[in-house]
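Here the structure comes first, spelled out in structure tokens, and everything after it is commentary.
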Amino acid sequence: MLIIGEKLSIIARRVREAMLNRDRGPIQEIAEAQWKAGAGMIDANIGPAEEGGEGLMEWMVTTIQEAVPLPVCLDTTNYKAIDAGLRVHNNERGRALINSTSNDPERFGMLELAAKYNAQVIGLTVGRGGLPADAEERAAIAAEIMARAMEYGIALEDLYLDPLVLQVATSQDHALKVINAVKMFQELNDPPMKTVAGLSNISNGCPKALRPILNRYYLALLMHAGLTAAIADAHEVMETVKTIEVIIGRTLYAHSYLEM
Amino acid sequence: MAFTEPKETYTGKVFQVSAGTDNGIVFGGENVLPFHSFEGSVPNRPVIAYEIQDVPPHDWPETVKAEYSGASNNAAAWAKYCQDKFKAKALTLRLIGTHPDGEDRTTEEAAKTVREVLSAINIPLIILGSNHAEKDSAVLVAAAEAAKDSNCVIGKAQEKNYKTIAAAAMANNHKLIAMSELDINLSKQLNILITQMGFDKERLITDPMCSALGYGLEYTYSVMERIRLAALTQNDAVMQPPMVGDVGMYVWKVKETQALEKDIPQWGILKDRGIIWEAVTAVCMLVAGSEILIMRHPEAIKAVEQFIDEMI
Numbered sequence: 055m056l057i058i059g060e061k062l063s064i065i066a067r068r069v070r071e072a073m074l075n076r077d078r079g080p081i082q083e084i085a086e087a088q089w090k091a092g093a094g095m096i097d098a099n100i101g102p103a104e105e106g107g108e109g110l111m112e113w114m115v116t117t118i119q120e121a122v123p124l125p126v127c128l129d130t131t132n133y134k135a136i137d138a139g140l141r142v143h144n145n146e147r148g149r150a151l152i153n154s155t156s157n158d159p160e161r162f163g164m165l166e167l168a169a170k171y172n173a174q175v176i177g178l179t180v181g182r183g184g185l186p187a188d189a190e191e192r193a194a195i196a197a198e199i200m201a202r203a204m205e206y207g208i209a210l211e212d213l214y215l216d217p218l219v220l221q222v223a224t225s226q227d228h229a230l231k232v233i234n235a236v237k238m239f240q241e242l243n244d245p246p247m248k249t250v251a252g253l254s255n256i257s258n259g260c261p262k263a264l265r266p267i268l269n270r271y272y273l274a275l276l277m278h279a280g281l282t283a284a285i286a287d288a289h290e291v292m293e294t295v296k297t298i299e300v301i302i303g304r305t306l307y308a309h310s311y312l313e314m
Numbered sequence: 003m004a005f006t007e008p009k010e011t012y013t014g015k016v017f018q019v020s021a022g023t024d025n026g027i028v029f030g031g032e033n034v035l036p037f038h039s040f041e042g043s044v045p046n047r048p049v050i051a052y053e054i055q056d057v058p059p060h061d062w063p064e065t066v067k068a069e070y071s072g073a074s075n076n077a078a079a080w081a082k083y084c085q086d087k088f089k090a091k092a093l094t095l096r097l098i099g100t101h102p103d104g105e106d107r108t109t110e111e112a113a114k115t116v117r118e119v120l121s122a123i124n125i126p127l128i129i130l131g132s133n134h135a136e137k138d139s140a141v142l143v144a145a146a147e148a149a150k151d152s153n154c155v156i157g158k159a160q161e162k163n164y165k166t167i168a169a170a171a172m173a174n175n176h177k178l179i180a181m182s183e184l185d186i187n188l189s190k191q192l193n194i195l196i197t198q199m200g201f202d203k204e205r206l207i208t209d210p211m212c213s214a215l216g217y218g219l220e221y222t223y224s225v226m227e228r229i230r231l232a233a234l235t236q237n238d239a240v241m242q243p244p245m246v247g248d249v250g251m252y253v254w255k256v257k258e259t260q261a262l263e264k265d266i267p268q269w270g271i272l273k274d275r276g277i278i279w280e281a282v283t284a285v286c287m288l289v290a291g292s293e294i295l296i297m298r299h300p301e302a303i304k305a306v307e308q309f310i311d312e313m314i
């Protein structure tokens with residue numbers, strides 16, 4: 055199970071300020087903490103970044119990779135910022151992941167960038183017409199994204215399908231639909247398609263004390279459904295990841311399994 | 003459309019481990035299941051170590067004893083005999099004489115034997131205790147010190163005594179065998195505990211416990227197979243040390259290697275029967291995933307070496 059450490063988001067005040075002031079300290083500290091807790095990749099979420107996005111993403115990728123031996127998940131809708139970030143990404147640490155393309159023509163450019171830089175890419179299963187209604191609609195959109203990715207010369211094993219996790223507090227019925235979508239996505243190809251989820255969105259808008267609980271149990275169910283990767287806080291979820299991997303037989307049990 | 007052979011791909015790799023100095027051996031290092039060289043890389047062939055012991059082999063069957071008569075009264079002479087006469091690539095010295103129920107030899111005597119054997123040979127040495135957990139933790143510490151810097155393999159560290167033995171192996175630059183009793187989860191746990199002491203997992207050898215054909219071999223086989231699959235398909239680093247099959251000691255005490263022809267004539271010639279029993283058990287261990295075997299009868303070893311030649 056790949057955990058993409060999510061704590062570097064412009065939404066967090068401390069991170070936003072560090073981004074604005076180009077203060078490497080907090081960024082590297084968070085990246086390192088995620089890595090040590092078990093993250094295999096670091097998400098760099100700079101928001102839409104309409105102004106100065108290129109410089110910011112470039113700085114983020116370099117700053118993160120100076121601190122940890124991991125690849126970066128470049129998270130923004132700004133095409134030029136992704137381009138700039140991929141240009142400086144150190145591929146010896148693993149391949150970068152673009153977050154994300156979708157079925158919206160405005161996001162097709164991300165596939166072009168994935169092909170240009172040999173990066174992996176997340177395909178968010180939404181189109182222009184708003185949110186998908188159910189698992190079937192998500193799978194239909196996924197199939198279109200897969201076809202388009204192949205047109206751009208991207209191997210299907212480099213595409214992570216994202217069912218779009220919604221808030222349980224406002225869209226409770228989607229919690230289960232997303233789990234079903236993860237199952238359906240895998241059946242769209244042999245070998246099965248890879249899948250990724252922005253986990254913490256499930257508990258967005260919930261009381262702070264409930265958030266880790268919702269995140270962890272939801273991750274357990276998603277893992278059982280076959281989820282490949284999650285954008286999540288490694289500190290919060292590694293115990294769940296290791297335990298579920300033992301329960302579903304992906305790692306061999308030993309009394310000290312949590313320490314490994 | 004042309005037929006393409008289906009091939010497994012593996013994410014993990016067995017650690018490559020060396021033992022000895024100038025005429026050293028290297029084993030492990032493969033990233034495929036045993037003998038699956040068509041799917042990946044198998045850089046080293048399995049190694050067979052001749053077994054000797056610190057006291058004369060009174061409890062070994064005549065069939066095996068006869069092969070070493072004249073040499074086996076003294077460990078150093080016996081060691082040299084294996085090296086010179088049978089061209090052994092490695093040796094195992096079992097300090098069985100230290101067992102409290104046997105001769106109860108002292109740690110000093112054990113250390114002396116180790117020194118004598120090492121000075122008689124130039125091939126790698128595996129040093130085993132008597133499998134008495136308490137006594138071994140003293141004997142093997144003394145043996146590890148006596149063999150300092152000879153890059154030996156020391157064993158067997160078990161759940162009850164791993165701390166002192168692992169510390170001694172670490173301090174004296176040896177490799178270490180970690181043994182658990184046919185329990186894959188305990189095998190993993192023991193490897194974790196030993197590495198948590200600061201012992202490098204790439205210097206470990208796993209012994210999941212051997213058994214003889216007809217006497218639980220299938221249990222050993224499954225445990226070894228599962229360990230190897232965890233190493234290769236789940237890339238479980240704790241399970242990636244090579245595995246040892248301590249074959250001889252289990253084989254040469256079962257009825258089939260001892261029963262006289264006059265008692266059970268339908269079982270055929272005793273000598274051949276014993277050799278076949280040891281060779282078949284050993285081959286099973288290789289196919290299950292062992293990279294290093296400890297064996298007794300030279301003819302059985304020869305047969306297994308031939309098998310390896312044909313498989314590689």
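Top line first, the protein sequences correspond to chains C and X.
As numbered in this note's numbering, residues 55 to 314 make up the first sequence, in order.
As numbered in this note's numbering, residues 3 to 314 make up the second sequence, in order.
All residues carry an ideal CB built from backbone N, CA and C; glycine is no exception.
Asked, Found
"Neighbour list for Gln191(X) in chain C, Cβ cutoff strictly below 8 Å", "Ala308, His309, Ser310"
"Sequence-distant residues of its chain with Cβ nearer than 7 Å to Cys84(X) (five each side left out)", "Tyr52, Ile54, Ala90, Leu93"
"Min CB distance Asn163(X) to chain C below 8 Å", "no"
"Rounded straight-line distance, which links the Cα of Arg107(X) to that of Ile278(X)", "34 Å"
"Val250(C) to Ile256(C) span [Cα, whole Å]", "14 Å"
"Euclidean distance between Cα positions of Pro48(X) and Ala21(X)", "13 Å"
"Short Cβ contact (8 Å threshold) for Ala253(C) with Asn243(C)", "The identity of residue 253(C) in the sequence shown is Leu, whereas the question assumes Ala. No."
"Selection of the stretch 173-203 of chain X by Cβ proximity to chain C, strictly under 9 Å", "Ile186, Asn187, Leu188, Ser189, Lys190, Gln191, Leu192, Asn193, Ile194, Leu195, Gln198"
"Where Ile136(C) falls: helix, strand or coil (DSSP)", "helix"
"Pairwise C-alpha distance: Ile285(C) and Ile176(C)", "11 Å"
"Burial state of Lys231(C) (16 or more Cβ within 10 Å)", "buried"
"Cα-Cα separation, Phe239(C) to Gly14(X)", "27 Å"
"Leu120(X) vs Leu127(X) beta-carbon contact at 8 Å", "yes"
"Chain C residues whose Cβ lies nearer than 8 Å to that of Gln236(X)", "Arg304, Thr305, Leu306"
"Local Cβ density within 10 Å of Asn124(X), reported as buried at 16 or more and exposed below that", "exposed"
"Near-chain C residues of the stretch 227-251 of chain X (beta-carbon distance less than 7 Å), N- to C-terminal order", "Ala232, Gln236, Asp238, Val240, Met241"
"Interface residues of the stretch 234-247 of chain C facing chain X [CB-CB below 9 Å]", "none"
"Option nearest Tyr252(X) by Cα separation, candidates Leu262(X), Ala232(X), Val246(X), Tyr217(X)", "Tyr217(X)"
"6 Å CB neighbourhood of Asp248(X) in its chain, flanking five on each side removed", "Cys212, Ile296"
"Chain X residues whose Cβ lies nearer than 8 Å to that of Met314(C)", "Ile194, Val240"
"Contacts around Ile100(C), its chain only, beta-carbon distance under 8 Å, and the 5 residues preceding and following it disregarded", "Ile64, Met73, Gly107, Leu110, Met111, Met114, Asp129, Thr130, Asn132, Ala135"
"Spatially closest choice to Met314(C) from Lys255(X), Ala239(X), Trp254(X), by CA coordinates", "Ala239(X)"
"Chain-order list of residues whose beta-carbon lies under 6 Å from that of Asp56(X) (same chain, five-residue window excluded)", "Ala77, Leu97, Gly99, Thr115"
"Simplified DSSP state of Arg205(X), which is helix, strand or coil", "helix"
"Proximity below 8 Å, CB of Ser132(X) to CB of His176(X)", "no"
"Outcome for Ala149(X) when other beta-carbon atoms lying within 10 angstroms are tallied against a minimum of 16", "buried"
"Cross-strand partners of Tyr214(C) (DSSP beta bridge)", "Ile176(C), Lys248(C)"
"Pair within 8 Å by beta-carbon distance, Thr179(C) and Asp227(C)", "no"
"Distance between Pro243(X) and Gly303(C) (C-alpha atoms, nearest Å)", "21 Å"
"Cut-off 7 Å between Cβ atoms - residues of its own chain near Glu198(C), not counting five sequence neighbours on either side", "Asn157"
"Test: Ala91(C) CB closer than 8 Å to a CB of chain A", "No chain A is present in this structure, whose protein chains are C and X."
"For Asn255(C), the three-state DSSP class (helix, strand or coil)", "helix"
"Contacting residues, own chain, Cβ-Cβ under 6 Å from Ser154(C) (five flanking each side not counted)", "Ile176, Leu178"
"CB contact flag (Leu206(X), Asn187(X), <8 Å)", "no"
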